[in-house]
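Heads up, the thing below is written out as structure tokens.
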Amino acid sequence: MTDYIPTPNQEPQKPIANSPNPDINYHPIGDSQPNTLTGESLVDLRRYDQSKFDRGRPGWLILLWWLVQAIAFPLTPHPVNGLRRWLLRLFGAKIGFGVIIRPTARFTYPWKIEIGDFSWIGDDVVLYSLDRIAIGKHCVISQKSYLCTGTHDSQDSAFGLITASVIVNNGVWIAADCFIGPGVEIGANALIGARSSVFKNMPASFVCMGNPCLPRYRRQINKSL
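Under our numbering, the final residue of the sequence shown carries the number 284; numbering is consecutive throughout.
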């Protein structure tokens with residue numbers, strides 16, 4: 060085994076306490092250690108300000124919703140979609156007839172959300188509704204997908220907040236674990252392939268997939284089946 064030889068002006072290293080191998084050395088981290096995280100930060104998060112952002116409801120109601128969502132929503136029985144629809148409507152969401160919503164789905168501000176008739180919202184879906192999210196009729200948002208209406212200005216040293224709506228038109232299927240970015244509109248009857256990241260509008264009746272997501276070929280839907 061090669062012996063450890065300290066360099067000049069460097070204290071010998073100490074073995075790790077209770078280590079099964081006392082020859083293993085360590086470098087203690089402290090004020091005397093050089094800072095290896097180099098480069099000046101051009102971002103100053105102390106200047107971040109979202110005072111102009113409108114959440115749409117008073118703070119106490121937002122907190123009440125978050126408590127309901129954290130405690131009551133997940134405890135609702137899996138097949139009892141009507142109760143979850145009722146809770147969302149109670150807090151201002153526009154939910155159509157026959158919508159299926161799984162207990163683990165999450166809605167940041169339900170009063171900024173619209174879901175059309177007979178659409179499905181899968182397990183662990185997140186509707187991050189800092190801005191409007193509109194989902195049409197007969198849409199499927201599969202498990203673990205994330206619809207995001209908020210981002211930050213990458214050129215602003217204060218990391219300014221930017222919001223933009225997400226529109227999902229009728230008949231769209233967003234497959235599992237997709238990310239839909241702010242300002243995106245997905246055309247009617249499009250299919251977004253699993254784990255795609257969508258940063259721009261997608262055309263109607265196309266199968267789209269990838270990171271970044273791109274239209275690949277037309278989606279064929281056989282109405283006779």
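In this text, a Cβ means the ideal position worked out from N, Cα and C, and glycines have one as well.
Please read these numbers as outputs of a predicted model, since none were measured by experiment.
In this structure, how does DSSP classify residue i when only helix, strand and coil are distinguished?
i	result
F132	helix
S264	coil
R105	helix
E99	coil
M60	Residue confidence for M60 is low, a pLDDT of 48 falling below 50, so the modelled location carries little weight; the figure read from the coordinates is stated next. Looking at M60 - three-state DSSP - the assignment turns out to be coil, as it is neither helix nor strand.
P271	coil
F238	strand
R254	coil
V243	coil
V199	strand
Between which residues of its own chain and residue i is the CB-CB distance below 7 Å, once the five residues before and five after are set aside?
i	result
L101	S216
H48	Because the chain in this structure spans residues 60 to 284, residue 48 falls outside the shown range and cannot be described.
S201	G181, I233, A234 and A235
F132	R143, L146 and P162
Below 6 Å CB to CB, which residues in the same chain sit around residue i once its five sequence neighbours on both sides are set aside?
i	result
K153	E173
T61	Only weak support is given to the placement of T61: the predicted model assigns it a pLDDT of 48, under 50, and the value that follows is read from those uncertain coordinates. Closer than 6 Å at Cβ, skipping near neighbours: no residue.
R106	A217
N270	S256
L206	L186, I192, V225 and I239
Excluding five sequence neighbours on each side, which residues of the same chain lie with their C-beta closer than 8 Å to the C-beta of residue i?
i	result
F265	G246, A249, L250, P274, R275, Y276, R277 and R278
G195	G175, S178, V227, N228, N229, G230, V231 and A247
G155	I174, G175, D176, F177, S178 and K196
G157	D176 and F177
K203	G181, D182, D183, V184, A235 and D236
Hey, quick one: how far does the beta strand (DSSP E) through residue i stretch, first residue to last?
i	result
T210	G209 to H211
I280	Premise fails: I280 is in no beta strand (DSSP E) and is neither H nor E.
V227	V225 to V227
Q | Within the segment 116-193, ranges of the alpha helix (DSSP H) (whole runs, at least 4 residues) | A | 118-126 and 140-149
**Q.** Segment contact flag, the segment 164-171 with the segment 181-199, C-beta cutoff 8 Å, min 3 pairs
**A.** yes
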